[in-house]
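Colleague:
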Amino acid sequence: GENVEQHPSTLSVQEGDSAVIKCTYSDSASNYFPWYKQELGKGPQLIIDIRSNVGEKKDQRIAVTLNKTAKHFSLHITETQPEDSAVYFCAATVGHQLIWGAGTKLIIKP
Amino acid sequence: KAGVTQTPRYLIKTRGQQVTLSCSPISGHRSVSWYQQTPGQGLQFLFEYFSETQRNKGNFPGRFSGRQFSNSRSEMNVSTLELGDSALYLCASSFSPSGGPLNEQFFGPGTRLTVL
Chain B
1 GENVEQHPST
11 LSVQEGDSAV
21 IKCTYSDSAS
31 NYFPWYKQEL
41 GKGPQLIIDI
51 RSNVGEKKDQ
61 RIAVTLNKTA
71 KHFSLHITET
81 QPEDSAVYFC
91 AATVGHQLIW
101 GAGTKLIIKP
Chain C
1 KAGVTQTPRY
11 LIKTRGQQVT
21 LSCSPISGHR
31 SVSWYQQTPG
41 QGLQFLFEYF
51 SETQRNKGNF
61 PGRFSGRQFS
71 NSRSEMNVST
81 LELGDSALYL
91 CASSFSPSGG
101 PLNEQFFGPG
111 TRLTVL
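Printed below as a string of structure tokens:
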């Protein structure tokens with residue numbers, strides 16, 4: 001079946017450095033790619049999303065890039081802060097549902 | 001505006017029992033989706049309800065069912081519980097004019113189900 005692969009599963013970066021999380025998808029018809037952040041004890045929260053007619057989108061320290069030819073998209077977080085520590089999920093539409101990556105645990109070292 | 005609420009937050013059941021989980025969406029949201037979250041597996045889509053109708057369904061057995069009421073509140077039922085059903089069950093609502101996943105989903109805190 002269709003799937004979304006997410007790497008790495010754990011990412012540890014120094015505070016102030018950048019973090020990059022990558023996802024690949026298999027369905028060439030996918031047209032919506034959200035990123036969610038999940039903090040301990042809470043449900044996921046949307047932090048940024050991108051649609052297939054756009055190659056890049058930025059929102060302050062967060063950016064997402066999409067390469068439809070290669071079927072991969074990435075989340076970039078610059079100037080990381082302690083509050084960025086969380087689990088991040090990518091997802092892609094397959095038909096009428098979202099297929100999710102397995103998640104990346106981002107650890108910000110002081 | 002109040003967020004998505006889920007009850008109960010924690011539940012312990014034994015194999016063979018059944019369970020009902022409840023979700024109240026954000027006011028004005030007509031789409032409610034349910035997900036199963038297990039460690040290392042991400043979120044697995046169960047089903048989506050829109051205006052009391054199941055619009056989409058994931059690849060789960062018939063033991064998993066749901067419904068949506070006229071006020072958009074939704075319930076999920078799991079019958080004949082198995083050990084593998086232990087998970088965090090998340091509900092998400094969205095303002096989606098025609099249903100489907102193309103709009104921001106607002107998640108509740110989840111119900112942690114443990115099957116012994």
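So the sequence lines, in the order shown, correspond to chains B and C.
For the first sequence, this note's numbering assigns the number 1 to the initial residue and increments by one for each residue that follows.
For the second sequence, this note's numbering assigns the number 1 to the initial residue and increments by one for each residue that follows.
Note that beta-carbon positions come from the ideal geometry of N, C-alpha and C, so glycine has one too.
Quantities reported herein were computed from a predicted structural model and do not represent experimental measurements.
(1) Kindly give me the distance between the Cβ atoms of C/N56 and C/S65, rounded to whole angstroms, as I take these residues to be in contact under 8 Å.
(2) Roughly how many angstroms lie between the CA atoms of C/S94 and C/F47, to the nearest whole one?
(3) Within this structure, are the beta carbons of B/L46 and B/L106 separated by less than 8 Å?
(4) Going by C-alpha distance, which of B/Y25, B/T69 and B/V87 is nearest B/V94?
(5) Going by CA-CA distance only, name the one from B/I108, B/Q60 and B/Q97 that's closest to C/E104.
(6) Excluding the 5 residues preceding and the 5 following C/T14 in the sequence, name in chain order all residues of the same chain whose CB lies nearer than 6 Å to its CB.
(7) In this structure, does DSSP put B/D84 in helix, strand or coil?
(8) Cα-Cα, which of B/P44, B/V54, B/D59 and B/A102 is closest to B/H76?
(9) Under 6 Å Cβ to Cβ from B/T65, same chain only, skipping five residues before and after it: list those, please.
(10) Within 10 Å of its beta-carbon, does B/Q81 have 16 or more other beta-carbons around it, so buried, or fewer, so exposed?
(11) Round the Cβ separation of C/L90 and C/F69 to the nearest angstrom and send it over; I've been treating them as touching at under 8 Å.
(12) So with Cβ pairs under 8 Å, would you call B/Q81 a contact of chain C?
(13) Compute the beta-carbon to beta-carbon distance between C/G58 and C/F45, rounded to the nearest angstrom, for a pair I have assumed lies under 8 Å.
(14) Compute the Euclidean distance between the alpha carbons of C/S51 and C/T114, then round it to the nearest angstrom.
(15) Can you give me the Cβ contacts of B/V13 inside the same chain, cut-off strictly under 6 Å, excluding the 5 residues immediately before and after it?
(16) Within a Cβ cutoff of 7 Å, which residues of the same chain sit near B/H72, ignoring the five residues on either side of it in sequence?
(17) So, are the CB atoms of C/Q36 and C/T80 less than 8 Å apart?
(18) If the cut-off is 7 Å on Cβ atoms, which residues from the region 79-110 of chain B count as contacting chain C, listed in chain order?
(19) Mapping DSSP to helix, strand and coil, what is B/D59?
(20) Along the beta strand (DSSP E) that carries C/F95, what are the first and last residues, could you check?
(21) Between B/H7 and B/G103, what straight-line distance do the alpha-carbon atoms span, to the nearest angstrom?
(22) Mind checking C/P8: buried by the 16 CB within 10 Å criterion, or exposed?
(23) Would you please verify whether the beta carbon of C/G84 is less than 8 Å from any beta carbon of chain B?
Modeller: Taking the definition as stated:
(1) Going by Cβ atoms, the distance from C/N56 to C/S65 rounds to 14 Å, so no, they are not a contact pair.
(2) Rounded to whole angstroms, C/S94 and C/F47 show a C-alpha spacing of 14 Å.
(3) Contact flag unset, no.
(4) Ranking the options by Cα distance to B/V94, first place goes to B/Y25.
(5) Closest by alpha carbon: B/Q97.
(6) Answer for C/T14: L116, listed in chain order.
(7) Taken through DSSP and simplified to helix, strand or coil, B/D84 comes out as helix.
(8) The alpha carbon of B/H76 has as its nearest neighbour, out of B/P44, B/V54, B/D59 and B/A102, the alpha carbon of B/D59.
(9) Cβ neighbours of B/T65 beyond the five flanking positions: E56 and S74.
(10) Flag for B/Q81 reads exposed.
(11) The pair is not a contact, with the Cβ atoms about 19 Å apart (cut-off 8 Å).
(12) B/Q81 does not count as touching chain C.
(13) Between C/F45 and C/G58 the Cβ distance is about 4 Å, and since that is below 8 Å, they are a contact.
(14) CA-CA distance, C/S51 to C/T114, rounds to 30 Å.
(15) Same-chain partners within the cutoff: A19 and T80.
(16) Taken in chain order, the residues that qualify are K22, C23 and T24.
(17) No, the pair does not count as a contact, with Cβ atoms beyond the cut-off.
(18) If the cut-off is 7 Å between Cβ atoms, the region 79-110 of chain B has F89, T93, H96, Q97, L98, W100, G101, A102 and G103 near chain C.
(19) Assigned with DSSP and collapsed to three states, B/D59 falls in strand.
(20) Looking at the DSSP string, C/F95 is not in any beta strand (DSSP E), and its letter there is neither H nor E.
(21) In this model, B/H7 and B/G103 are separated by some 8 Å (Cα to Cα).
(22) Exposed.
(23) No, no contact with chain B.
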